[in-house]
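Numbering (my numbering), first residue to last: 268 to 376.
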């Protein structure tokens, strides 16, 4: 199994309970779903993108092989390759949903 991750605020994720597809709030603007892979890169993304977020943050653990939309690895401005999902994420590709924890120095796994 090839695992990729997607971060989502818990209140937003709640509206997708029992649905077959997930799309983030910024999907229409971005044209794809942002994802990441690897623990180190995930922590960096959490602390960059959600540094000021005070609510509950969830991690969608995704089996990339089960994603029905196209997944492209593209280089971002930080020089890293990130998986981008071009289409709605079929929720049956999500193998786990984890609650993230904020420590005194930022988000952690």
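Glycine residues also receive a C-beta, built at the ideal position from the N, C-alpha and C atoms. All figures in this text were calculated on a predicted structure; none of them were measured in a lab.
Please report the Cβ distance between residue 338 and residue 352, rounded to the nearest whole angstrom; I am assuming they are in contact, meaning their Cβ atoms lie under 8 Å.
Counted from its first residue, the chain shown places residue 338 at position 71. Counted from its first residue, the chain shown places residue 352 at position 85. With a Cβ gap of about 6 Å, residue 338 and residue 352 count as contacting.
Would you give the residue range spanned by the beta strand (DSSP E) that residue 274 belongs to?
As a first step, residue 274 must be located in the chain shown, where it is residue number 7. Run containing residue 274: 270-276, per the beta strand (DSSP E) assignment.
For residue 306, I'd like the list of residues in its chain whose CB is within less than 7 Å of its CB, leaving aside the five on either flank, ordered along the chain.
Here residue 306 is taken as the residue at index 39 of the chain shown, counted from 1. Around residue 306: 376.
Which whole-angstrom value is the C-beta distance of residue 355 and residue 349, which I expect to be below 8 Å?
To locate residue 355, count along the chain shown from 1; it is residue 88. To locate residue 349, count along the chain shown from 1; it is residue 82. Their Cβ separation, rounded to whole angstroms, is 18 Å, which puts residue 355 and residue 349 out of contact at 8 Å.
Can you say whether residue 278 is buried or exposed, counting buried as having 16 or more other CB atoms within 10 angstroms of its CB?
For this step, residue 278 is matched to residue 11 along the chain shown. Looking at its Cβ environment, which holds fewer than 16 other Cβ atoms inside 10 Å, residue 278 is exposed.
Determine whether the beta carbon atoms of residue 274 and residue 326 lie at a separation below 8 Å.
On the chain shown, position 7 is the one that residue 274 refers to. On the chain shown, position 59 is the one that residue 326 refers to. Yes. Within cutoff.
Based on the DSSP output, what are the partners of residue 369 in its beta bridges?
Taking the first residue of the chain shown as position 1, residue 369 is located at position 102. According to DSSP, which records beta bridges pairwise, residue 369 is partnered with 374.
Please classify residue 371 as buried or exposed, where buried requires at least 16 other C-beta atoms within 10 Å of its C-beta.
Start at 1 with the first residue of the chain shown, and residue 371 comes out as number 104. Counting Cβ neighbours within 10 Å, residue 371 comes out exposed, since fewer than 16 surround it.
Cutoff 8 Å; reference residue 288; Cβ partners in own chain excluding five residues on either side
Position 21 of the chain shown, counting from 1, holds the residue named residue 288. A distance below 8 Å between beta-carbons, with the five flanking residues on each side excluded, links residue 288 to the following residues of its chain, in chain order: 355, 356, 357 and 358.
Proximity to residue 368 [Cα-Cα], best of 284, 331, 336 and 310:
Position 101 of the chain shown, counted from the first residue, corresponds to residue 368. Taking only the C-alpha atoms, the option nearest residue 368 is 310.
According to DSSP, which residues form a beta bridge with residue 364?
Counted from its first residue, the chain shown places residue 364 at position 97. Residue 364 pairs with 327.
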